[in-house]
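One structure is given here, and the rest of the page talks about it.
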Amino acid sequence: MAPLMRTRVSKCDEKLKLRLRLNHQWLQGSGRP
0 MAPLMRTRVS
10 KCDEKLKLRL
20 RLNHQWLQGS
30 GRP
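At position 16 of the sequence shown the residue is numbered 15 (numbering that gives the first Met the number 0), and the sequence of numbers has no breaks.
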């Protein structure tokens, strides 16, 4: 039960990190002042 929860959390964390990274790149690429 614990390992399953851990893997699930890690997957969510990876998605969140990827989303944050893409968002950061988009902000940099948009060329906002």
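Glycine included, C-beta positions come from ideal geometry on N, C-alpha and C.
- C-alpha of N22 to C-alpha of R5: approximately 25 angstroms in a straight line.
- CA-to-CA, the gap between Q27 and A1 works out to about 39 angstroms.
- Rounded to the nearest whole angstrom, the C-alpha separation of D12 and L3 is 14 angstroms.
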